[in-house]
Amino acid sequence: MLRAVIVAIVVAVTVVPLVATDSLPLGLLAVPVVIAVLGLVLAWWWPAVRYRHFRYRMGHDTMELEHGVLFRTRSVIPYFRVQHVDTSQGPIDRRLSLSNLKVQTASPATDAFIPGLSTADAAEIRGVILDRAGAGDAV
Amino acid sequence: MPSEVRRLHPLTPFFDLLSTVRQFALPLVLALFANRDRGQLALLAPTLLFTLGGAAKWWRFTYTFDGARLVIDEGVLTRKQRIVPVDRIQQVDMATTLRHRLLGVTVLKLETAGGTGAAEVSLSVVSTAEAARLRSVLLPAGPRAAASDPAATDPEAPAPVPRATTLLQLGPGRLALAGVTGSELAVMFTILLSVGQLVDDLPESLLLDRVEDLTTPSDVAGFTLAGIVAVALWFALAASASVLKDGRYRLVRRGDQLAVSRGLLDQREASIPLHRVQVVRIQQAFVRKLLGRSSLRIRSSAGAIEVPLVTAAETTELLRVVLPRTELSDLIPAPSAARRRAILRRVIPALLVLFGSALWLERAVPFAAIVVALSVLLGELAYRGLAHGWNGGVAVARSGGLRREITVVPGAKAQSTRLRTSPLQRRAGLATLYVDVATSGTSPAIRDGDLHRLADLQAAISSTPAARTDEIDVRRRSPLVLGGSTRAEHG
């Protein structure tokens, strides 16, 4: 939504002076308004759609994630490949006691990001991953 | 035995000065011209400063190796210490330019890998003998004696090197062929661009006279001859560029090491341990495919070895050495639903371009039939190129029509996998499977395969026992020590 508002402001700043000086038709004023309205609608509706399509599972040997609405991705990460587990919190996350969890392997392309966990859940999941990541050493 | 503290070659300050002069060549020349009388004197002070600074830098740069860790101390004002456990070293390269060769020195570069990036340690310059000794102790081709073993030999003595087996040697003829069928052809555009820029700067009168001389051929034969000469020159340049870059190409195996040396003027040597190979990409550009030739790129986490031009038999032989269980035949073709996607992906953009240009050019419309037919043909070729395989724990992905690419990934090196579907793929029951390995760049991918088959393959790759063994082998190496704190890094 923030991006939509920024785009709307940029377009408005460009269009309004041109319309005021009669360089562009009045109708173009509708453009930034439409962008802002669309942005608001999407901000209200889209997150719920994305939430419905986000799942994760802590299996016995691997963690699995499924996410994406149009382009859907199913990631599988064996625990023994985990290098680090990072948690992060923005200012709004802190207010709502939420955390984001990111798992890193030796591949920069590994896609393992779980947003919007409760802080307690994030800590528990991190503990489980790190325990199981270290368990494979004994062979 | 205490390990000896060593310094770089005494000529190091001289080479540092040379590279500084090269960087500042233009301002230096301008300064000289601006102050003809005092110019030389004016340059004396900075030159002295650089030389003294270079000498101090050389004195402060020391390295030692105790059998397990390479410790580098450097810095004049700000002191730095870098500790590289020998098991972290992925690749050892030697880069020798002509001036290095004349003075019997070389630059030794070590590539390490950890986390999401690669770190490089550069020893510039050392004598060629010292570089060879360092390479043999840092990346020995045979089994390494345990650092804590009291019966271990002197850690600084070169490890006994197993006999090298030559896997491939490329002569000038083959390199020239590689040049005229590969990316060296693009070198002509670089030259044309430079010439163009130079021509822009010349006075107009000078140019017009010359151009008139050159463009007086008044008949078709003259222009045709000029065209033929131009193309011949272009090919000759591309061939020469390839020979210069890869001349005396030799790929050898020394125990667990794969090593390559190449270059006529600037010689480069690189080696990677075979057990660190992450992925092999085999590429066949259209002309090379017609000639039954390919090029290979063997990637480890920290670098790659390029093989410019090989036959099919040589490819099979190299794969047998690098990734023994690879099976390039008996690949599973893509489902027929992928054909429609391959064709539409080419026809639609072509139609859009045609439509756009038809708004300006009426003549574009008759070409529509030809363009669509060509797009359909290219789409069909691309579809036929799609295939994949999973044999003996090695995944093979093939794609491309005119320009074919085969990617070989051992399941043991997969860090994670991603099964991705777009809305159109889901409708057609297709998916793309990415196998993420510890290299930068795009992950190897099996594109537009059957969704259920790829889902099963994803499960198989994720549960490969060899992957667990590979990770344990990596973790048993000593942790990377950074300024007192430790963290385990992947190699």
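Keeping their order, the protein sequence lines are chains A and B. Here the first sequence is numbered in the working numbering, starting from 1 and rising by one per residue. Here the second sequence is numbered in the working numbering, starting from 1001 and rising by one per residue. Ideal Cβ positions, reconstructed from N, Cα and C, are used throughout, including at glycine.
Evaluate residue i with the Cβ neighbour count: other Cβ atoms within 10 Å of its Cβ, from every protein chain shown; 16 or more gives buried, anything less gives exposed.
i	result
B:His1009	buried
B:Arg1511	Nothing about residue 1511 of chain B can be reported from this structure: the residues present for chain B run from 1001 to 1491 only.
B:Trp1390	buried
B:Phe1061	buried
B:Arg1007	exposed
B:Gly1385	buried
A:Ala106	buried
B:Ala1285	buried
A:Glu201	Lying before the first or after the last residue shown, residue 201 of chain A is absent from chain A, which here runs from 1 to 139.
A:Ser118	exposed
B:Ala1313	exposed
A:Met63	buried
B:His1275	exposed
B:Thr1224	exposed
A:Ala120	exposed
Against chain A, does residue i count as a neighbour if the rule is that its beta carbon must be under 8 angstroms from one of theirs?
i	result
B:Pro1423	yes
B:Asp1436	yes
B:Gln1090	no
B:Arg1420	yes
B:Gln1458	yes
B:Ser1242	no
B:Ser1183	no
B:Ser1003	no
B:Gly1115	For B:Gly1115, the pLDDT reaches just 41, beneath the cut-off of 50, and the residue's location in the model is therefore unreliable, although a value from the coordinates is still provided. For B:Gly1115, the answer is yes, since a Cβ of chain A falls inside 8 angstroms of its Cβ.
Is residue i close to chain B, meaning its C-beta is less than 8 angstroms from at least one C-beta of that chain?
i	result
A:Val128	no
A:Val139	Confidence in A:Val139 is poor, its pLDDT being 30 and thus under 50, which makes the residue's placement too unreliable to answer from.
A:Phe71	yes
A:Ala123	no
A:Arg74	yes
A:Ser97	no
A:Thr87	no
A:Arg132	no
Within the same chain, show all residues whose beta-carbon is closer than 7 angstroms to that of residue i, passing over the 5 residues directly before and after it, in chain order.
i	result
B:Ala1431	Leu1419, Arg1420, Thr1421, Gln1425, Gly1449, Leu1451, Leu1454
B:Asp1467	The amino acid occupying residue 1467 of chain B in the given sequence is Ala; Asp does not appear at that position. So the list reads Gly1411, Ala1412, Ala1414, once near-sequence residues are dropped.
B:Val1180	Phe1235, Ala1238, Ala1239
A:Gly68	His53
A:Val10	none
A:Asp61	Pro78, Tyr79
B:Thr1439	Gln1278, Val1279, Arg1299, Ser1301
B:Asp1149	Here the model assigns B:Asp1149 a pLDDT of 46, short of 50, so the residue's position is not dependable, and the following value carries that caveat. Cβ neighbours of B:Asp1149 beyond the five flanking positions: none.
For residue i, which residues from the same chain have a beta carbon less than 6 angstroms from its beta carbon, with the 5 sequence-adjacent residues on both sides left out?
i	result
A:Gln89	Ser99
B:Ala1543	Because chain B in this structure spans residues 1001 to 1491, residue 1543 of chain B falls outside the shown range and cannot be described.
B:Pro1335	Asp1450
B:Ala1342	Gly1379, Ala1382, Tyr1383
A:Asp86	Lys102
B:Val1071	Thr1064, Ile1083
B:Val1005	Thr1062, Thr1064
Leaving aside the five residues before and after residue i along the sequence, list all residues of the same chain whose C-beta is less than 8 angstroms from its C-beta, in chain order.
i	result
B:Val1372	Val1347, Ala1350, Leu1351
B:Val1464	In the sequence as displayed, the identity of residue 1464 of chain B is Thr instead of Val. Same-chain partners within the cutoff: Gly1393, Gly1411, Ala1412, Ala1414.
B:Val1243	Pro1172, Leu1175, Ala1176, Gly1179, Leu1264
B:Gly1484	Model confidence at B:Gly1484 stands at a pLDDT of 33, short of 50, so the residue's coordinates are unreliable; what they give is reported in the following sentence. Nothing listed; no residue qualifies.
B:Val1076	Gly1053, Ala1056, Lys1057, Arg1060
B:Gln1458	Thr1417, Leu1419, Leu1433
For residue i, go through chain B and note every residue whose CB falls closer than 8 angstroms to its CB, in chain order.
i	result
A:Ser110	The question names Ser, but residue 110 of chain A in the sequence shown is Thr. By Cβ distance, chain B contributes Gln1415, Ser1416, Asp1436.
A:Ala120	What A:Ala120 touches in chain B: nothing, since even the nearest Cβ is about 26 angstroms away.
Could you list which residues in chain B have their beta carbon closer than 7 angstroms to that of residue i, in chain order?
i	result
A:Arg81	Gln1415, Ser1416, Glu1471
A:Thr62	Ser1462
Which chain A residues are close to residue i, counting only those with a beta carbon under 9 angstroms from its beta carbon?
i	result
B:Ala1467	Pro78, Phe80, Arg81
B:Ser1399	Residues of chain A passing the Cβ test: none, with the nearest at roughly 18 angstroms.
Taking C-beta pairs closer than 8 angstroms, name the residues in chain A that residue i reaches, listed in chain order.
i	result
B:Ser1300	Simply none; closest approach about 12 angstroms.
B:Ser1443	Ser107, Ala109
B:Ser1440	Pro108
query: Does the region 1266-1280 of chain B come close enough to the region 1053-1072 of chain B that 3 or more CB-CB pairs lie under 8 angstroms?
result: no
- prompt: Touch check for the region 1039-1058 of chain B and the region 1080-1099 of chain B: three-plus C-beta pairs under 8 angstroms?
  reply: no
field: Three CB pairs or more closer than 8 angstroms across the region 1180-1189 of chain B and the region 1227-1239 of chain B
entry: yes
- prompt: Between the region 1165-1178 of chain B and the region 1218-1233 of chain B, do three or more beta carbon pairs fall short of 8 angstroms?
  reply: no
message: Three or more C-beta pairs under 8 angstroms: does that hold for the region 1259-1272 of chain B against the region 1090-1097 of chain B?
response: These segments touch.
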